[in-house]
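Chemist: Structure incoming, see below.
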Amino acid sequence: MMKAMDSSVAVATRTDFTKCKVAYPLGGIKRDAFRTKSGKKLSEKQWAVYDYVRKIPCGKVTTYKHVCLALGFGSPRSVGAAMRNNPFAPFVPCHRVVASNFYIGGFFGEWGSTKEDGSAGQQCKRKLDMLTQEGVTFTNNGYLSDPEAFIWKE
DNA sequence: ACTATGACAGTAA
DNA sequence: ATTACTGCCATAG
């Protein structure tokens, strides 16, 4: 068990995204400079979520539920809220987080919709494309095709 | 300080 | 498998 609350340090030693150009504050005072969409400072809990999600490797996905359990606080719903406010998308790979029942989940504020005609849920379609590009496949129903293979296991 | 609102999840029908 | 309803907890207003 690690003490997840102390998000000011941590994580950051992973190398998964070292080649990304986007600046992501790994900790300390620099994080105070970032604001949420509504102009508020990002909370420690939000940072904790971003730090965790950032570790999900390409080709794998996890669930909202798993994130809050791993962090040791919050709820799946609050995790979703953090994602929604994610100012680092798509650097923080929020597209690699799906619902607990392996449903595609949401993206950029839109939930679900697997309509193939694209009548709704354009953002989710995009999420689907990104994951497909990473090798993660879904059924035409909108559910993860092979959870055993694609769910990220630490 | 308080109420409303979600990128969820568990349960029941 | 899908819908409906309820608990959840962190933000937004």
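Going letter by letter, the first sequence gives residues 1359 to 1512 in my numbering. Glycine residues also receive a C-beta, built at the ideal position from the N, C-alpha and C atoms. Computed from a predicted model, the values in this text were never measured in an experiment.
1. Roughly how many angstroms lie between the CA atoms of glutamine 1491 and lysine 1485, to the nearest whole one?
2. Do valine 1425 and phenylalanine 1508 have their C-beta atoms closer together than 8 Å?
3. Within 8 Å, do at least three Cβ pairs link the segment 1405 to 1416 to the segment 1447 to 1456?
4. Under a three-way DSSP split, which group does glycine 1493 fall into?
5. Out of curiosity, what's the CA-to-CA distance linking glycine 1464 and serine 1436?
6. For arginine 1387, which of Lys1395, Gly1397 and Ser1401 has the nearest alpha-carbon?
7. Helix, strand or coil, according to DSSP, for glutamate 1506 in the structure here?
8. What is the rounded straight-line gap between the Cα of tyrosine 1408 and the Cα of asparagine 1444?
9. Whole angstroms are fine: how far does the CA of threonine 1495 sit from the CA of arginine 1442?
10. Taking the alpha helix (DSSP H) that proline 1434 belongs to, which residues open and close that run?
11. Quick one: what does DSSP say glycine 1330 is sitting in, helix, strand or coil?
Modeler: This is what the structure holds:
1. Within the first sequence, numbered from 1, the residue matching residue 1491 stands at position 133. Within the first sequence, numbered from 1, the residue matching residue 1485 stands at position 127. Distance between the alpha carbons of glutamine 1491 and lysine 1485 is about 10 Å.
2. Taking the first sequence and counting its residues from 1, the one referred to as residue 1425 is at position 67. Taking the first sequence and counting its residues from 1, the one referred to as residue 1508 is at position 150. Not closer than 8 Å, so no.
3. yes
4. The count along the first sequence starts at 1 and reaches residue 1493 at position 135. In the structure shown, glycine 1493 sits in coil (DSSP, three-state: anything other than H, G, I, E or B).
5. Translated into the one-based positions of the first sequence, residue 1464 becomes position 106. Translated into the one-based positions of the first sequence, residue 1436 becomes position 78. Their backbone Cα atoms lie some 14 Å apart in a straight line.
6. As a working note, residue 1387 is residue 29 in the first sequence. Sequence inspection shows isoleucine at residue 1387; the arginine mentioned does not correspond to that position. Minimum Cα distance to isoleucine 1387 is reached at Ser1401.
7. In the first sequence, the residue the question calls residue 1506 occupies position 148. Helix at glutamate 1506.
8. To locate residue 1408, count along the first sequence from 1; it is residue 50. To locate residue 1444, count along the first sequence from 1; it is residue 86. Straight-line Cα distance between these residues: approximately 8 Å.
9. Taking the first residue of the first sequence as position 1, residue 1442 is located at position 84. Taking the first residue of the first sequence as position 1, residue 1495 is located at position 137. Spanning the two alpha carbons is a distance of roughly 23 Å.
10. Indexing the first sequence from 1 puts residue 1434 at position 76. It spans 1434 to 1442 - the alpha helix (DSSP H) in which proline 1434 sits, taken as one unbroken run.
11. Since the first residue shown for the chain is 1359 and the last is 1512, residue 1330 is missing from the structure and cannot be characterised.
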